[in-house]
Each structure stands twice: as C-alpha cells, then as structure tokens.
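Counting in our numbering, the sequence shown runs from 46 upward without gaps. We put the beta carbon where it would ideally sit given N, CA and C, even for glycine. Please read these numbers as outputs of a predicted model, since none were measured by experiment. Beneath this line is the structure, given in structure tokens, with notes to follow.
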Amino acid sequence: MFENLHKMIDFQALATRIVAYLPNLFTAIVLLAVFWAVNKITQRMLAAALRRLEIVKQARGLILRALRYAIYVFAFLTVADQLKINVTSLIAGVGVMGLALSFAAQDTVGNIISGVVIIIDGPFAEGD
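Given below as structure tokens:
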C-alpha cells in the first residue's frame, strides 16, 4: 500500500516545493508580528489622543475597535497575498456583497450611523 503511494507521489518535488515556500511562510510570520506591534502602538497613541480631546468613553471604544478591525483586515489581506493566496476575487466578492447589503439595509445603516454620531457628539450624558 505504501509502495503504491510512494510511486504516486514524487517526494523529491514535494520537498523542493516545501523548501521553496519556507521564505514566504517566514515573511508572513514576520508580517503578523509587525501588524501586531502596529496595532498595539496605534491603539495606545489613539487612546491617549482621544482622552486628551475628552471624547466620551463609549465613543473612544467605538473608534478604537474600528481601528483594530481595519488593521486586522489589512493584515489578513497582506499576509494572504504573501502566502500566494489570490485575494482579488475575495475583495471583489466582498465589494459586491457590501453594495447589495447597503441597498437592502439602507434604513438600518442610517440608524447605526446616526447612533455613532450621537455617541461622538455627546448631547446626552448618563442618567438623562
């Protein structure tokens, strides 16, 4: 059984491909570490700036979370591209899906944006 498997698979070519892929894998790991550090640094810097500007706690959390997700998405796309994964069709599909959702949930998206603006402007305080 293993002899048939050995005949079907060219282990020399497989080993060559794995060795050739190792630099991409190493670079992807380094990129993940860089994006992790960028996320930590930007989160701290933006949190300090938002505290100095006296932005309410809820708005700070919302802004910091949005920044974190944006960095995660950019990191995922960059690492996937480094690993030779075709992300072009994924981005196109997400764009079409976003367009369809924006038309379907126009009122809901408007309400979410209005809520974010109310949180950031802060016309109301806790207990009102």
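Every unbroken beta strand (DSSP E) within the stretch 76-137, with a cutoff of 3 residues, ordered by chain: The qualifying runs do not exist here; there are none.
Proximity to Ala82 [Cα-Cα], best of Ile116, Gln103, Val141: If you number the sequence shown from 1, residue 82 lands on position 37. Among Ile116, Gln103, Val141, the Cα nearest to that of Ala82 is on Ile116.
Cβ distance (whole Å) where Ile164 is taken to contact Val101 below 8 angstroms: Translated into the one-based positions of the sequence shown, residue 164 becomes position 119. Translated into the one-based positions of the sequence shown, residue 101 becomes position 56. Indeed they touch by this definition, with Cβ atoms about 7 angstroms apart.
Three CB pairs or more closer than 8 angstroms across the stretch 66-81 and the stretch 122-137: Yes, they touch.
Whether Leu122 touches Val132 by CB criterion (8 angstroms): One-based indexing of the sequence shown puts residue 122 at position 77. One-based indexing of the sequence shown puts residue 132 at position 87. For Leu122 and Val132, yes; Cβs fall inside 8 angstroms.
Host alpha helix (DSSP H) of Ile54 (start-end): Residue mapping note: residue 54 aligns to position 9 of the sequence shown, counting from 1. Unbroken run through Ile54: none, as it is neither H nor E.
Where Arg97 falls, given that 16 or more other Cβ within 10 Å makes a residue buried: Locating residue 97 in the sequence shown gives position 52, counting from the first residue. Exposed.
Supposed close pair Leu107, Val161 - CB separation, criterion 8 angstroms: In the sequence shown, the residue the question calls residue 107 occupies position 62. In the sequence shown, the residue the question calls residue 161 occupies position 116. Going by Cβ atoms, the distance from Leu107 to Val161 rounds to 7 angstroms, so yes, they are a contact pair.
Residue range of the unbroken alpha helix (DSSP H) whose run includes Gly167: Walking along the sequence shown from the start, residue 167 turns up at place 122. First-last for Gly167: undefined, no H or E at that position.
Straight-line gap, Asn49 to Ala58 (C-alpha atoms, nearest Å): Start at 1 with the first residue of the sequence shown, and residue 49 comes out as number 4. Start at 1 with the first residue of the sequence shown, and residue 58 comes out as number 13. Each residue's alpha carbon lies about 17 angstroms from the other.
Inter-residue spacing [alpha-carbon to alpha-carbon] between Ile158 and Asp152: Stepping through the sequence shown from its first residue, residue 158 is reached at position 113. Stepping through the sequence shown from its first residue, residue 152 is reached at position 107. Computed Cα separation, rounded: 10 angstroms.
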